[in-house]
Amino acid sequence: MNTSEIEAFLAVVRSGNISKASKQLFISQSTISQRIKSLETKLEVRLIERSKGVTSIKLSHDGETFYKIALQWEQLMTDSKMLKQKQYDTNVSIAGVDSINNFVLTTIFRKLVSDHDSVSYFIRTHQSDEIYSLVEDNVVDIGFILQERVSETVIKEEFFREELVLVINRASSADVTLDSLDASKELYINWGHVFQQWHEQHFGYAGTLGVEVHTGILINEFLKSPDYWAILPVSMAKAFSKERSLQIIKFKKDKPIRICYLIYEKDNNNFKDTYHSILENKEMMAEHLQLDESEVTGEL
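Under full-length UniProt numbering, the residue at position 66 of the sequence shown is numbered 66, and the numbers go up by one with no gaps.
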């Protein structure tokens with residue numbers, strides 16, 4: 001399989017049909033079709049379901065799976081092109097889960113970029129398991145993850161611990177107890193095995209009966225309704241409360257926490273200066289990880 005075949009596949013998926021894809025790539029429809037067919041032959045799967053008289057495309061099950069792979073390929077190609085275009089002394093790739101990148105590390109990222117103008121930084125967002133694989137393959141130099149995994153080549157260090165709080169969108173938190181919460185309205189993100197154990201102890205199950213999501217943006221959207229509730233890191237709760245009036249309720253005893261780990265490949269020396277800079281600037285995270293008394297509306 002080659003670059004032009006994958007580009008043709010992505011263009012067809014994004015535009016919805018071969019005609020629009022051909023205009024987008026400035027090639028004929030027959031060329032597009034040939035490239036898709038060649039890709040299917042090499043992969044030995046059908047990527048696109050074909051029906052007579054139907055112009056819009058529909059991906060097969062294998063096509064949907066390959067689409068995710070093609071997106072990763074596209075990102076890697078983009079990163080590679082940027083490496084060629086930018087003449088930096090060092091290139092460092094950092095990957096973190098959504099809630100760490102967007103709610104905790106923003107000030108550190110800005111500091112890195114401003115202090116090291118000879119370094120080209122590639123900052124990416126993935127789930128923990130994906131980050132492990134990227135670090136193992138030396139595609140990513142430094143990872144920030146919540147879910148642990150056994151690896152013979154990846155070094156894991158505890159980076160920080162963060163308190164979790166109950167967040168609801170109601171006028172008052174006076175009558176809120178864990179027993180009073182509707183389990184089907186929980187907005188759930190797995191904050192790691194320590195949180196799973198806490199959740200099972202207090203709710204009777206490690207997962208959720210409500211809505212499981214993977215991004216803070218989705219939780220913030222659901223929290224516009226007073227029906228939903230979530231147990232969130234302080235950093236996320238603080239950010240959301242700036243946008244609207246939310247009840248932030250702390251746990252007095254047996255406080256739930258999440259642990260963020262920093263990981264890197266043991267033989268990778270490309271990122272050492274960045275690694276030390278991150279450790280030296282850890283105190284910059286404090287503003288995100290600590291709640292002021294004025295921000296707390298209740299306790300459980």
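From the three backbone atoms N, C-alpha and C, an ideal C-beta is built for every residue, glycine too.
The structure displayed is predicted, hence computed values, not measured ones.
Just so you know, the alpha carbons of R258 and S93 end up roughly 24 Å apart. For T274, the enclosing alpha helix (DSSP H) has its first and last residue at K272 to E280. In the DSSP assignment, W198 falls within the unbroken alpha helix (DSSP H) covering H193 to F203. Under the DSSP assignment, R14 falls outside any beta strand (DSSP E), being part of the alpha helix (DSSP H) whose first and last residues are T3 to S15.
For Y261, the beta-bridge partners assigned by DSSP are I145 and E158. In the same chain as T208, and ignoring 5 residues on each side of it, the C-beta atoms closer than 7 Å to its own belong to E186 and Y188, in chain order. The criterion of a C-beta distance shorter than 7 Å is satisfied by L164 and I231. For A70, the closest C-alpha among the options E7, F251, L246 and K23 is that of E7.
The way I'd put it, the region 228-242 does touch the region 282-296; three or more beta-carbon pairs between them come closer than 8 Å.
Straight-line measurement puts the Cα of T31 at about 13 Å from the Cα of A11. A residue is called buried when at least 16 other Cβ atoms come within 10 angstroms of its Cβ; V113 does not meet this threshold and is exposed. Taken through DSSP and simplified to helix, strand or coil, G96 comes out as strand. It is roughly 26 Å from the alpha-carbon of E136 to the alpha-carbon of K111.
Residues of the same chain with a CB within less than 6 Å of the CB of G16, apart from the 5 flanking positions on each side, are S56 in chain order.
In the DSSP assignment, F240 falls within the unbroken alpha helix (DSSP H) covering V234 to S241.
Annotation: the continuous alpha helix (DSSP H) that includes E136 extends over S128 to E136. One thing to note: L105 has its Cβ no nearer than 7 Å to the Cβ of S128. Taken through DSSP and simplified to helix, strand or coil, K266 comes out as coil. Within a 10 Å sphere around the beta-carbon of G96 sit 16 or more other beta-carbons, which makes this residue buried. Of the residues I217, I263, Q290 and D267, the one whose Cα lies closest to the Cα of I278 is I263.
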